[in-house]
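Worksheet: the structure to be examined is printed underneath.
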Amino acid sequence: MNPQDKPAAPSDEAMTVSACAALLRERFPALFGGKPKPLKLRVQVDIQERTPGVFPKQVLSAFLRRYTMSDGYLRAVAAGTHRYDLDGEAVAELSEEHRKLAQETLSQRRSQGDAKRAQEQAQRNFRASVLKDYETTTLTRENFCVLKGVDAAQLDELLEVARRERDERQQYVSELVKGFQASGKNVADYANEKRMHPVQLERLLREGGVRFGPPRHDRGPGPGPRRNEGPGGGRRDERGQGGHRQDSDRPRPKR
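So the working numbering is basically just the index in the sequence shown, starting at one, shifted up by 66.
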């Protein structure tokens, strides 16, 4: 072959990471076409050998970094037992060290995600509280901002965000109510379908205007009347019709 006819190595600008992912799924569907599988170590070398000149080295490296750090891939490693080659065949056992590292990374991400969501929820709650109070306050704008600890220059933006979040919540609750009513299911079953806690779902449905009966008590029937108590629970009168105790006619021991 004439060296001038040899295909030039693709430049990094010629392929994006997304295009690289799509082409890998097309070329190696057994490995990249379905749910993530733990990759064979140094799989990048195998890809370059099987498809010379197709994948720019830097782009392929960027894809593999993103792919192997995704939650889906880490879950596959955390629960896996083997690594797989380009044909989807198990070729090596997965080390306990790598499984543990994947589990720790996922746990750390969950903790960080929980903290971030809690912070975002607290901020939304604060904005909602400011909006609610602002709509009913009799204070001046300046005094209201001082009371709420809000910069007066940022109040309008905060209120705009709060109104948008309120509209989004109302829309979400409305759609949730419609879905619940159309499903014909009870709260527990519909909560399971929506992957929600039943208490959370019921609270949102009540917010959307759905009425429920009074809370049910799971307790069984109360205890029956105690000994010496009548059916009404009061103490049974131990006296006979003559006003004497029922045991007054019993012979008494001689002293």
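C-beta: ideal position from N, C-alpha, C; glycine also.
Proximity test, residue i beta-carbon vs the ligand NAP heavy atom, cut-off 6 Å
i    : result
F246 : Because no ligand of any kind appears in the structure shown, any question about the ligand NAP cannot be addressed here.
Best match in the options for proximity to residue i [C-alpha to C-alpha]
i    : options                   : result
L97  : T134, H164, A219 and D153 : D153
R149 : L105, K260 and A218       : L105
T171 : D137, K182 and T204       : D137
A158 : R207, L107 and L205       : L107
Q189 : F210, V227, T203 and R175 : V227
R175 : G275, S240 and L140       : L140
D222 : E241, L205 and Y200       : Y200
Beta-carbon proximity check, residue i vs residue j, cutoff 7 Å
i    : j    : result
L130 : G146 : no
A142 : K166 : no
P264 : A248 : no
C211 : A218 : yes
R225 : L271 : In the sequence on display, residue 225 carries Leu and not Arg. Cβ distance not < 7 Å, so L225 and L271 don't count as in contact.
Q114 : A144 : no
Helix, strand or coil at residue i [DSSP, three-state]
i    : result
L107 : coil
V120 : coil
E399 : Nothing about residue 399 can be reported from this structure: the residues present for the chain run from 67 to 321 only.
L90  : helix
V216 : coil
L205 : coil
Distance, residue j Cα to residue i Cα
i    : j    : result
G250 : Y238 : 19 Å
R235 : M81  : 41 Å
T202 : R230 : 18 Å
E92  : G99  : 7 Å
N258 : L242 : 13 Å
G215 : F192 : 11 Å
| beta strand (DSSP E) runs wholly inside the stretch 221-281, at least 3 long, in chain order | none
| task | Would you list, in sequence order, the uninterrupted beta strand (DSSP E) runs of no fewer than 3 residues that lie entirely inside the stretch 118-200? | result | Counting whole runs of 3 or more residues, the stretch 118-200 contains the beta strand (DSSP E) stretches 148-150 and 156-159.
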